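K.L.:
Sharing a structure, written as structure tokens. Questions coming.
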């Protein structure tokens with residue numbers, strides 16, 4: 001069964017999933033945030049077939065999440081580097097990680113922890129805040145439709 005194309009959906013979550021919704025893409029992002037940049041590093045970490053990894057990396061480059069750059073050490077290799085669009089996904093990955101830590105491990109927890117590199121202390125739980133700083137729960141928000149006649153269009157690819 002063919003998957004529905006969400007690139008022009010009116011929902012921002014649906015459009016986001018069209019770019020990063022595949023689980024391999026999220027794991028590639030995780031590794032990129034942890035400093036991996038080369039094809040071989042991603043391949044070794046993920047244990048993913050070369051053709052699938054190539055396809056996912058190409059898709060992330062075409063969506064402007066990663067860019068290809070010359071190797072930082074001056075060698076003949078190329079590297080996959082997070083763009084600003086890619087870096088802006090950091091809070092999403094941290095939230096997903098925190099959710100997984102809370103609900104998908106037993107009482108012993110995971111064998112790893114995300115810490116602030118400066119003081120080695122665990123990072124704080126990501127929270128949704130109001131304009132004035134209050135913590136918001138799902139019951140505290142609503143979806144406001146701005147103009148029902150306006151047809152939303154995808155952003156131009158950069």
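Residue numbers (the UniProt record's numbering): 1 to 158. All residues carry an ideal CB built from backbone N, CA and C; glycine is no exception. All values derive from a computational prediction rather than experimental measurement.
#1: Residue ranges of each beta strand (DSSP E) run of no fewer than 3 residues wholly in the UniProt domain "HTH hxlR-type" (11 to 108), ordered along the chain?
#2: I'd like to confirm the pairing. Which residues does DSSP put opposite residue 135 in its beta bridges?
#3: Using the rule of at least 16 other Cβ atoms within 10 Å of the residue's Cβ for burial, across every protein chain shown, is residue 29 buried or exposed?
#4: Could you round the C-beta distance between residue 162 and residue 54 to whole angstroms and report it? I think they count as a contact, below 8 Å.
#5: Identify, in the order they occur along the chain, each residue of the same chain with its Cβ nearer than 6 Å to the Cβ of residue 14, setting aside the five sequence neighbours on each side.
P.N.:
So, to answer that:
#1: For secondary structure counted as the beta strand (DSSP E) over 3 or more consecutive residues, the UniProt domain "HTH hxlR-type" (11 to 108) holds these complete runs in sequence order: 66 to 70 and 78 to 82.
#2: Bridge partners of residue 135 according to DSSP: 129.
#3: Residue 29 is buried by the Cβ-count criterion.
#4: Examination of residue 162 is not possible in this model, given that the chain is present from 1 through 158 alone.
#5: For residue 14, where only same-chain residues beyond five positions count, the Cβ hits under 6 Å are 6.
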